[in-house]
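Residue numbers (our numbering): 4 to 414. Cβ atoms here follow ideal geometry from the backbone N, Cα and C, with glycine treated the same way. As the structure is a computational prediction, the values presented were derived from the model and not from experiment.
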Amino acid sequence: MILKYTFKTATHALYRNKVRSMLTLLGIVIGVTAIIMIVSLGQGAQNLILTQIQSIGSKTIAVVPGRQPKGPTDVFSTFADSLKQKDLEALSKRMNVPYAAKIMPIVFGNLSTAYGNDTYRTTIFGVTDLFAKIYDLEPKTGRNFTDDELKSYANVALIGSKVKEELFANDDAIDKKLRIKNVNLRIIGILPKKGQSAFNFDDMVIIPYTTAQRYVFGIKYFNRMVIEADTEDHVDATVRDITLTLRESHGITDPTKDDFFVETQAQAIEIVSTITNILTLFLVAVAAISLIVGGIGIMNIMLVSVTERTREIGLRKALGAINKDIMTQFLFESILLTTIGGMLGIILGTLLSMGVSFILSRVVAQGWVFTFPLGAAIIGVCVSVVVGLIFGIYPAKQAAMKSPIEALRYE
Numbered sequence: 004m005i006l007k008y009t010f011k012t013a014t015h016a017l018y019r020n021k022v023r024s025m026l027t028l029l030g031i032v033i034g035v036t037a038i039i040m041i042v043s044l045g046q047g048a049q050n051l052i053l054t055q056i057q058s059i060g061s062k063t064i065a066v067v068p069g070r071q072p073k074g075p076t077d078v079f080s081t082f083a084d085s086l087k088q089k090d091l092e093a094l095s096k097r098m099n100v101p102y103a104a105k106i107m108p109i110v111f112g113n114l115s116t117a118y119g120n121d122t123y124r125t126t127i128f129g130v131t132d133l134f135a136k137i138y139d140l141e142p143k144t145g146r147n148f149t150d151d152e153l154k155s156y157a158n159v160a161l162i163g164s165k166v167k168e169e170l171f172a173n174d175d176a177i178d179k180k181l182r183i184k185n186v187n188l189r190i191i192g193i194l195p196k197k198g199q200s201a202f203n204f205d206d207m208v209i210i211p212y213t214t215a216q217r218y219v220f221g222i223k224y225f226n227r228m229v230i231e232a233d234t235e236d237h238v239d240a241t242v243r244d245i246t247l248t249l250r251e252s253h254g255i256t257d258p259t260k261d262d263f264f265v266e267t268q269a270q271a272i273e274i275v276s277t278i279t280n281i282l283t284l285f286l287v288a289v290a291a292i293s294l295i296v297g298g299i300g301i302m303n304i305m306l307v308s309v310t311e312r313t314r315e316i317g318l319r320k321a322l323g324a325i326n327k328d329i330m331t332q333f334l335f336e337s338i339l340l341t342t343i344g345g346m347l348g349i350i351l352g353t354l355l356s357m358g359v360s361f362i363l364s365r366v367v368a369q370g371w372v373f374t375f376p377l378g379a380a381i382i383g384v385c386v387s388v389v390v391g392l393i394f395g396i397y398p399a400k401q402a403a404m405k406s407p408i409e410a411l412r413y414e
């Protein structure tokens with residue numbers, strides 16, 4: 004009965020000053036909304052990236068030049084030239100890596116492509132004819148280049164749907180020639196629209212890696228190597244064989260001196276999950292600052308309310324209310340105010356997240372799906388209650404300490 008009366012009195016007091024109450028809620032609403040949006044979009048981005056990594060296949064292994072980044076100073080070490088033709092030949096030998104089913108070197112870079120007077124900056128992706136099987140990407144029209152064209156440094160290319168749209172619009176692009184630097188490449192195939200995946204193939208020009216090395220980039224090393232194990236059970240053994248083969252090829256006896264590193268899809272997923280989780284937590288911490296600001300606003304408005312209701316406090320004490328009753332009443336109002344703000348923040352944050360996710364699924368990546376962060380919603384409500392409790396204690400104490408005689412005399 005007492006709780007029911009306390010609730011009724013609290014809602015009446017808040018409704019009586021509804022405009023002031025709504026303005027006071029804004030800090031809490033904005034804070035919880037920001038947390039819900041950050042966590043929801045963070046989970047959406049993480050799920051999209053992990054799905055894209057998994058789409059490559061659990062048997063796929065990446066060999067990257069340079070030291071494995073372990074801190075900010077190691078970021079640029081991945082742009083090394085330690086993977087050479089001799090490494091490709093060593094890894095291709097069955098005796099060295101017996102469980103390797105496919106091996107493909109990769110070179111890439113961003114360059115301007117031209118057709119007639121039109122230019123478009125895109126990614127040049129130098130690979131072998133195995134890329135179609137590894138990435139499950141057969142040309143929509145035309146054909147893939149052959150092993151003979153790879154060995155003969157042929158000037159042939161496949162283009163993504165975005166490149167075709169930018170340079171050729173509705174015209175047929177097959178057998179037309181693209182110009183990259185001073186090299187003319189004959190288009191032999193057009194890739195289907197795939198959307199953002201591990202690589203954005205829609206925005207690529209794919210050519211034989213031999214052609215890319217000699218005529219486009221002028222290099223004699225690889226930016227990556229992709230190796231596919233014959234079965235998932237042999238992935239770990241393949242990683243070990245790759246590591247031992249490359250150490251022998253590079254004359255490395257001390258593992259700490261490795262100028263390359265090997266990544267499996269499981270490791271890539273773990274790294275991406277760690278990075279996105281840390282980033283999300285950091286952004287949530289920044290957004291939580293607004294909850295503190297909102298709590299200060301709650302405390303301020305409750306102090307004003309205590310002053311305005313001094314005679315009410317005196318009258319209640321005269322009728323038998325003790326300090327605990329007065330303190331509970333004002334503390335309950337503070338918690339009720341922040342709880343309402345938390346609920347509104349969850350609703351608003353969910354609606355905004357759904358809207359942003361819908362836009363991102365149309366503009367950025369078709370695989371972007373809205374995720375409701377249940378854990379963040381629960382935390383948001385709990386934090387709102389705690390904020391109301393913490394910032395409501397001082398005004399409640401001030402109300403409870405008032406003398407009933409002085410309160411009744413207050414004008």
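| Asked | Found |
| --- | --- |
| Cβ neighbour criterion (16 or more within 10 Å) applied to aspartate 174 | exposed |
| Spatial neighbours of phenylalanine 79 in its chain, beta-carbon cut-off 7 angstroms, leaving aside the 5 residues before and after | Per-residue confidence for phenylalanine 79 stands at a pLDDT of 48, beneath the threshold of 50, marking its modelled position as unreliable; the derived number appears in the next sentence. The answer is none, since no qualifying residue turns up. |
| Same chain only: Cβ atoms within 6 angstroms of serine 364, ignoring 5 sequence neighbours per side | Trp371 |
| Nearest-angstrom Cα separation, counted from valine 359 out to arginine 70 | 38 angstroms |
| CB contact flag (isoleucine 38, asparagine 226, <8 angstroms) | no |
| Cα-Cα separation between valine 22 and threonine 277, rounded to whole angstroms | 43 angstroms |
| Contacting residues, own chain, Cβ-Cβ under 7 angstroms from lysine 197 (five flanking each side not counted) | Leu140, Phe204 and Asp205 |
| Helix, strand or coil at valine 78 according to DSSP, with G and I counted as helix | Because valine 78 carries a pLDDT of 47, less than 50, the predicted location of this residue cannot be relied on, and the following value inherits that uncertainty. Helix at valine 78. |
| Valine 66 to phenylalanine 263 span [Cα, whole Å] | 7 angstroms |
| For tyrosine 123 and glycine 297, the rounded distance between their alpha carbons | 49 angstroms |
| Residue ranges of each beta strand (DSSP E) within the region 157-220, 3 or longer | 159-162, 180-183, 186-193 and 207-211 |
| Residues near serine 115 by beta carbon distance below 6 angstroms, same chain, minus five either side | Thr122 and Arg124 |
| Best match in Val100, Pro376 and Gly345 for proximity to isoleucine 32 [C-alpha to C-alpha] | The sequence given here has valine at residue 32, not isoleucine. Comparing Cα positions, the closest option is Gly345. |
| Beta carbon of proline 376 nearer than 8 angstroms to that of valine 159 | no |
| C-alpha distance - leucine 286 paired with threonine 279, whole-angstrom precision | 11 angstroms |
| Proximity winner among Arg243, Phe202 and Val186, relative to tyrosine 218 (alpha-carbon distances) | Val186 |
| Inter-residue spacing [alpha-carbon to alpha-carbon] between isoleucine 164 and valine 35 | It is serine, not isoleucine, that sits at residue 164 in the sequence shown. About 41 angstroms. |
| Nearest-angstrom Cα separation, counted from serine 337 out to isoleucine 329 | 13 angstroms |
| Alpha carbon of glutamine 88 to alpha carbon of lysine 223, nearest angstrom | 8 angstroms |
| Alpha-carbon to alpha-carbon, serine 293 and leucine 282 | 18 angstroms |
| Beta-carbon proximity of alanine 93 to serine 252, cut-off 8 angstroms | yes |
| Cβ neighbours of phenylalanine 361 in the same chain (closer than 8 angstroms, five flanking residues each side left out) | Phe373 |
| Endpoints, the beta strand (DSSP E) within which leucine 114 is located | 103-118 |
| Limits of the unbroken alpha helix (DSSP H) element including valine 242 | 238-253 |
| Cβ-Cβ separation, valine 166 to histidine 207 (assumed contact under 8 angstroms), whole Å | The sequence as given places methionine at residue 207; histidine does not occur at that position. Indeed they touch by this definition, with Cβ atoms about 7 angstroms apart. |
| Whole-Å CB distance - leucine 194 paired with leucine 153, under 8 angstroms assumed | Contact doesn't hold; Cβ gap of about 18 angstroms is too wide. |
| Alpha-carbon spacing of serine 387 relative to threonine 341, whole angstroms | 5 angstroms |
| Local Cβ density within 10 Å of glutamate 235, reported as buried at 16 or more and exposed below that | exposed |
| Cβ neighbours of lysine 136 in the same chain (closer than 8 angstroms, five flanking residues each side left out) | Lys105 |
| CA-to-CA distance, methionine 40 to phenylalanine 220, given in whole angstroms | 42 angstroms |
| 6 angstroms Cβ shell around valine 390 - same chain, five flanking residues per side excluded | Leu294, Gly298 and Thr341 |
| is_contact[valine 384, chain C] using C-beta, thresh 8 angstroms | This model lacks chain C altogether; it includes just one protein chain. |
| Distance between beta carbons of isoleucine 183 and isoleucine 127, contact taken as under 8 angstroms | 7 angstroms |
| Same chain, Cβ closer than 6 angstroms to threonine 76, five either side skipped, listed in chain order | In this predicted model, threonine 76 has a pLDDT of only 49, less than 50, meaning its place in the structure is not dependable; the value taken from the coordinates is given anyway. No residues qualify anywhere along the chain. |
| Whether asparagine 99 touches aspartate 261 by CB criterion (8 angstroms) | no |
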